[in-house]
Each structure stands twice: as structure tokens, then as C-alpha cells.
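Student:
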Amino acid sequence: MAYLTHYAELYGANRSLLDLVVRAREAHGIEPFVILSEEGPLCEALQAQGIDRAIVPFVPWMHKQMLMGGPHHRIMQRFGYWRQGRERDAWNATRMKELVRVCSAKAVDLVHINSSVIGMGVPLAKALGVPLVWHIRELPFAHYDFKVDGGLSRYRSELRQADALIAISDAVRRDVEAIMAQSTRIHVVHNGVVNTLRMEQLGATMHERWSDPSPFTFLQLGLFHPSKGQLDSVEAFAQVHREEPDTRLVLAGGGRQDEVRARVKELGLSDVIDLPGFVQDPFIPLADAHCLLQCSKDEAMGRATVEAMASGIPVIGHASGATPELIEEGRSGHLYIRIDELVQRMLERVRDIGSTKSMGCAAHARVQDDFTVEAMTGSVVEVYDRLAVRS
Numbered sequence: 223m224a225y226l227t228h229y230a231e232l233y234g235a236n237r238s239l240l241d242l243v244v245r246a247r248e249a250h251g252i253e254p255f256v257i258l259s260e261e262g263p264l265c266e267a268l269q270a271q272g273i274d275r276a277i278v279p280f281v282p283w284m285h286k287q288m289l290m291g292g293p294h295h296r297i298m299q300r301f302g303y304w305r306q307g308r309e310r311d312a313w314n315a316t317r318m319k320e321l322v323r324v325c326s327a328k329a330v331d332l333v334h335i336n337s338s339v340i341g342m343g344v345p346l347a348k349a350l351g352v353p354l355v356w357h358i359r360e361l362p363f364a365h366y367d368f369k370v371d372g373g374l375s376r377y378r379s380e381l382r383q384a385d386a387l388i389a390i391s392d393a394v395r396r397d398v399e400a401i402m403a404q405s406t407r408i409h410v411v412h413n414g415v416v417n418t419l420r421m422e423q424l425g426a427t428m429h430e431r432w433s434d435p436s437p438f439t440f441l442q443l444g445l446f447h448p449s450k451g452q453l454d455s456v457e458a459f460a461q462v463h464r465e466e467p468d469t470r471l472v473l474a475g476g477g478r479q480d481e482v483r484a485r486v487k488e489l490g491l492s493d494v495i496d497l498p499g500f501v502q503d504p505f506i507p508l509a510d511a512h513c514l515l516q517c518s519k520d521e522a523m524g525r526a527t528v529e530a531m532a533s534g535i536p537v538i539g540h541a542s543g544a545t546p547e548l549i550e551e552g553r554s555g556h557l558y559i560r561i562d563e564l565v566q567r568m569l570e571r572v573r574d575i576g577s578t579k580s581m582g583c584a585a586h587a588r589v590q591d592d593f594t595v596e597a598m599t600g601s602v603v604e605v606y607d608r609l610a611v612r613s
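First residue of the sequence shown? That's 223 in the working numbering, and the numbers climb one at a time after it.
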């Protein structure tokens, strides 16, 4: 089976893909063949697992469009974006020949697309004469404000031609249905973030952090991006730290940090707010954390949320996207809308360690029931089975 991904870093979508292909091979006899658009850490991880891969430099069909100035300027900008889209289509048409060649050489019997931002699944599957499974892992318009090359009608048409669509949450399912209407071809499969062995290991050590919870550490994980809400975390923490000085904030993730660093410095909090950059293993900073902040708005699922729950800590998350599907208010964490609500919930967690620990235990149990790699892979393979194309 061919799996296409549009980037090579080990962020959420690719980490979920790696978990899927490794488990599918080990437990279900599927032979994965991963096609990336570029070299990068995912290539090394696949090589370490002995999974075959190829590089074909295709480009996404979704991008942001920034329109500024008066009507005349906006018309010219729209024309420029349209022209860029046509150029991307022409580029991908050339890359399609290479994709067909490498997939044919591997006798691929199913194409699995790993993101909504990849628009090459339908023509590739048709050229190969095989079914298409399209894994929708984003809320591309609400979360990223993306535009589709060729417009929304093109996206709708492509979605309707997929043999099966996998949505990583009910929020994503509703988003897809709003575009293409309800369909029995849409299957909700939550990301699995840890296997059962890792869950046992995390369960055995998750109480150690509470032996000396000083300083109380809030953590946010993820790529630095305006939609991810790192600045909201900083503003809320500044208020919390004034009332509870024995606190610390860690913002771990790659991307452009300049604006956040400048605000941290302006607030005089450089000694208590750490920005370590991208972390290969999120469970390392999670081991030292007491509460996760999920300030990302319209998150399609929030892998970091489930990783924190697996680690045995509660999550305070923005009440949008799929986050309310993951957090049980008052049991495994809290939901908020306004910054003042976030501040209040953070203070409650700092001031009631016993309750915070209990929430972490409930969060861990929820992951054990619903979000393991084994459960995710089994559900995806069921989709394959329905298409009768098991390798």
C-alpha cells in the first residue's frame, strides 16, 4: 500500500502515519510503501524500521492567501495566487508520472493519502486502478485559513471520488460533511498516540512528578504558529505567575518564535518561561510537566492533548474543534474560551494538587480505552478490509 505525505518532519500527522504503518505491517501483514515530498527526519525513522520509501517532490494544493490594500491591489493579488495555483498544478502533473511509475513498480493495490492538503490522490488512484483512502487530519479552513487551488468546488469533487475518507475526529467529520454532504464513506478514527506497552510504562511512572511538584510546570507542545496560541499561553501564565510565583511555563516546538520571545522578554519572564525548540520525544518534557495547555483554536484533534493525558496530567484546552471530544470537563481537564477563564483554571490546578493528580489519572485511563496505536490501526485496517484490498 502506498502512503503519501507532503512533508518530512516528525510533527503530529507524520508521527501518526509512522505509528500506523509500523503497526499495520507488524500486526496485519500490510507492506507499506511511503512516498514523501522531500528528505527529512521521517525518512530516517522509516529507514530505521525497514520500511520502503521514495521521494517525489510534489507540492500541496492548499495554501494561505493574504489580501491587502485597496480593491485594485486585491484583484491583482488574487490573480497572482491563481497563477501560482496553475503553476503548482502544472508541476504536480509532471510529478504524477513519477508517482505512477514508482507505485506501479511496487504493485501498489491501495493509495492512502495522509492529509487534506494533498490533492493528488484521486488522479493517482485512477491511474493505478486502485482504491483511494483519504485521511483527513486537519480543519484546513477554520484552523489554518487555507485556500484550495481551483477553489472549494474542486475539493468537494475530489472528496466525493475517494473510496473511503478517514476523519480523525467528529469535528473533522462534520467539517467534511459540510463540504460534500453526509456519506457512509466517512469513518471517524481517532489518532492513536501510544501503544499498550508504552501506556504501561507511563502508568508505572506517572505519579513520580507529584512527589515534589515544585515549580508547578505548565507545558505547551506544538509548532509555533499564530493559530496554536502560544501568545495566549504567555499572557495567561503572566497573570498566574504574579499570584503563584512557584510556577513555570515550557513552550516546546519548532517554527518562528521571535514574536513570542519578544513578548516573554517584555513581560520580564525569561527566567520562568522556557522555549527549548522542537523536541523529538514529547514524553521527555511531559515527564516534568504537571498540566498541559492546549491553546490551539479549531484543532482537528490535538495529538499533544492525548500524549499529555497518556502521561497522566490534565489538559486545559480551548473549547473549539475536536478538543471538547478529548477533555471531560472537570474530570480529565478543563475547557475555556476566554483568557480569564484559562487563568482561573490554571490557578485552580496549581492550588489543588490532589485534584490535579486525580484528573491526570482519569486522563490516563481515557487514553487506555480510546487512543492506543493498536485501536487506531485496527480501525484503519477495517476500512481497508471493507474495500477488499488487503495486502
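For glycine and all other residues, C-beta sits at the position ideal for the given N, C-alpha and C.
If you're wondering where the values come from, they're calculated on a predicted model, not measured in any experiment.
Can at least three beta-carbon pairs, one atom from the stretch 557–574 and one from the stretch 377–384, be found at a separation below 8 Å?
Tutor: Output reads no: the stretch 377–384 does not touch the stretch 557–574.
Student: Under a Cβ-count criterion, where at least 16 other Cβ atoms within 10 Å of its own Cβ denotes burial, should glutamate 360 be classed as buried or exposed?
Tutor: In the sequence shown, residue 360 corresponds to position 138, counting from 1. By the 10 Å Cβ count, glutamate 360 comes out buried.
Student: In three-state terms, what does DSSP make of proline 448?
Tutor: The sequence position of residue 448 within the sequence shown is 226, counting from 1. Proline 448: helix per DSSP, three-state reduction.
Student: For glutamine 590, which residues from the same chain have a beta carbon less than 6 Å from its beta carbon, with the 5 sequence-adjacent residues on both sides left out?
Tutor: Counting from one through the sequence shown, the residue named residue 590 turns up at place 368. Met421, listed in sequence order.
Student: Where does alanine 270 land, buried or exposed, given buried means 16+ other C-beta within 10 angstroms?
Tutor: For the purposes of this step, residue 270 is identified with residue 48 of the sequence shown, where counting begins at 1. Alanine 270 comes out exposed.
Student: Taking Cβ to Cβ, would you say arginine 470 is nearer than 9 Å to phenylalanine 438?
Tutor: Here residue 470 refers to the residue found at position 248 of the sequence shown. Here residue 438 refers to the residue found at position 216 of the sequence shown. Yes, the Cβ-Cβ distance between arginine 470 and phenylalanine 438 is below 9 Å.
Student: I believe glycine 414 touches valine 595 by the beta-carbon criterion, under 8 Å. Please report the beta-carbon distance rounded to the nearest angstrom.
Tutor: In the sequence shown, residue 414 corresponds to position 192, counting from 1. In the sequence shown, residue 595 corresponds to position 373, counting from 1. 4 Å between Cβ atoms; contact.
Student: For valine 439, name the three-state secondary structure that DSSP assigns.
Tutor: Here residue 439 corresponds to residue number 217 of the sequence shown, with the count starting at 1. Reading off the sequence shown, one finds threonine at residue 439, where the question assumed valine. Correct three-state label for threonine 439: strand.
Student: Using the three-state DSSP reduction, which class does valine 611 fall into: helix, strand or coil?
Tutor: Position 389 of the sequence shown, counted from the start, is the residue given in the question as residue 611. Here valine 611 scores only 49 on pLDDT, less than 50, and its place in the model is too uncertain to base an answer on.
Student: Return the chain-ordered list of same chain residues with a C-beta closer than 7 Å to the C-beta of arginine 376, the five sequence neighbours on each side being excluded.
Tutor: Position 154 of the sequence shown, counted from the first residue, corresponds to residue 376. Within the same chain, arginine 376 has close Cβ partners Val370.
Student: DSSP three-state call for leucine 289: helix, strand or coil?
Tutor: Along the sequence shown, read from residue 1 onward, the residue named residue 289 stands at position 67. It is coil, neither helix nor strand.
Student: Assuming contact is defined by CB atoms lying nearer than 9 Å, are serine 176 and serine 338 in contact in what I supplied?
Tutor: No statement about residue 176 is possible, as the shown extent of the chain runs from 223 to 613 and does not include it.
Student: In chain order, what residues of the same chain lie with their CB nearer than 6 Å to the CB of valine 611, ignoring the 5 residues before and after it?
Tutor: Numbered from its first residue, the sequence shown carries residue 611 at position 389. Low per-residue confidence applies at valine 611: pLDDT is 49, beneath 50, and the placement is therefore not dependable enough to give any value.
Student: Give me the Cα-Cα distance between glutamate 457 and glutamate 529, rounded to the nearest whole angstrom.
Tutor: Against the sequence shown, residue 457 aligns to sequence position 235. Against the sequence shown, residue 529 aligns to sequence position 307. Using only the alpha carbons, I get a separation of about 24 Å.
Student: So, are the CB atoms of proline 546 and cysteine 513 less than 9 Å apart?
Tutor: Along the sequence shown, one-based indexing puts residue 546 at 324. Along the sequence shown, one-based indexing puts residue 513 at 291. Note that the C-beta distance between proline 546 and cysteine 513 is not below 9 Å.
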